[in-house]
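Q: Mind having a look at this structure? Questions to follow.
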Amino acid sequence: MSESGCRVRYLLPLVLLLASAAANAPLADPVSERIIATAKATTPAELSFDRTTTMVRDGGGTTTRTVLVERWDGSRWTLVRRNGKVPTADQRRSAEAEAKASPVPGYYRLAELVSAATERRTDADGRTVLVIPVLPEGSVRSDSKDISRHLSGEVTIGSANGKPFVERLRVKARENFKLNLLIRVHSFEQISEYGLDAAGRPRLRTQTADSRGSMFGFPGGMKSEITYAYR
Numbered sequence: 024m025s026e027s028g029c030r031v032r033y034l035l036p037l038v039l040l041l042a043s044a045a046a047n048a049p050l051a052d053p054v055s056e057r058i059i060a061t062a063k064a065t066t067p068a069e070l071s072f073d074r075t076t077t078m079v080r081d082g083g084g085t086t087t088r089t090v091l092v093e094r095w096d097g098s099r100w101t102l103v104r105r106n107g108k109v110p111t112a113d114q115r116r117s118a119e120a121e122a123k124a125s126p127v128p129g130y131y132r133l134a135e136l137v138s139a140a141t142e143r144r145t146d147a148d149g150r151t152v153l154v155i156p157v158l159p160e161g162s163v164r165s166d167s168k169d170i171s172r173h174l175s176g177e178v179t180i181g182s183a184n185g186k187p188f189v190e191r192l193r194v195k196a197r198e199n200f201k202l203n204l205l206i207r208v209h210s211f212e213q214i215s216e217y218g219l220d221a222a223g224r225p226r227l228r229t230q231t232a233d234s235r236g237s238m239f240g241f242p243g244g245m246k247s248e249i250t251y252a253y254r
């Protein structure tokens, strides 16, 4: 539509759109603010952990399974093992470059996600669930591509010693989308589980992901399981 049309003929729809945006403004409440503050209190430089990833890909009549053990020492990634063996120099460079392209995983990343929540509800166990209609840019990457705008999220909040913390983050596809010119994603779900360490600090413990799609019209997908062991 023309610029003048936006100002005159479509003034009422524009006003309604702005009113809708205001209704879906980010939440601002003491619980969310405490979670955001706790998440911001930790940075990647303070974390040290081993990440074990098991990936199973299927498609084109074949299935491949890959197990990676990577280490984050607070400043850089190192590929420790690949399928139970010491990785080659090329494998190490490739894995470390791929890991570097994405944000370091951790509870600290929930600050931005919780800040994007616009609704709340209560689950069957009486826990508060925050709803994120669209994930902030840079939240989830796949094969070096940011797919955040295609995803929504739900944050489940628990408490320990009277302090709220995120127990679970569920991310899923809002729509079918293209990962690249060849691959179309039909479904995507990622679940992150969090727990408290011995000092009472919340830590990312496990992640599972399941995606299905097609390439050249042939179906395929990938499942992954990730565990984190802090050092």
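When the letters of the sequence shown are read in order and numbered with the numbering used here, they come out as residues 24 to 254. Even glycine gets a Cβ: it sits at the ideal position worked out from N, Cα and C.
Is the segment 61-76 in contact with the segment 124-132, if contact means three or more CB pairs nearer than 8 Å?
A: yes
Q: Should ARG235 and SER215 be called a contact, given that it needs their Cβ atoms to be closer than 7 Å?
A: No, these two residues do not count as a Cβ contact at 7 Å.
Q: CB-CB under 7 Å to HIS173, same chain, minus the five flanking residues each way: which ones, in chain order?
A: ALA196, ARG197, GLU198 and PHE200
Q: Below 7 Å between beta carbons: does that hold for VAL103 and ARG94?
A: yes
Q: Roughly how many whole angstroms lie between the Cα atoms of ASP233 and LYS246?
A: Their backbone Cα atoms lie some 5 Å apart in a straight line.
Q: Consult DSSP for ILE155 and reduce its assignment to one of helix, strand or coil.
A: strand
Q: Would you check if the distance between the CB atom of ALA183 and the CB atom of LEU219 is smaller than 7 Å?
A: yes
Q: Nearest CA to the CA of THR89: which residue from GLY107, ASN203, PRO225 and THR151?
A: Closest option to THR89, Cα to Cα, is GLY107.
Q: Ignoring anything shorter than 4 residues, give me the alpha helix (DSSP H) runs that lie fully in the segment 133-199, in order along the chain.
A: With a minimum length of 4 residues, the continuous alpha helix (DSSP H) runs that stay inside the segment 133-199 are 133-138.
Q: Less than 7 Å separating the beta-carbons of ARG143 and LEU136?
A: no
Q: Out of GLY240, TRP100, ARG57 and GLY161, point me to the one whose CA is closest to GLU119's CA.
A: Ranking the options by Cα distance to GLU119, first place goes to TRP100.
Q: Spatial neighbours of ILE180 within its chain, please: C-beta separation below 8 Å, excluding the five flanking residues on both sides.
A: A distance below 8 Å between beta-carbons, with the five flanking residues on each side excluded, links ILE180 to the following residues of its chain, in chain order: VAL54, ILE58, ARG150, THR151, VAL152, LEU153, PRO187, PHE188, VAL189 and GLU190.
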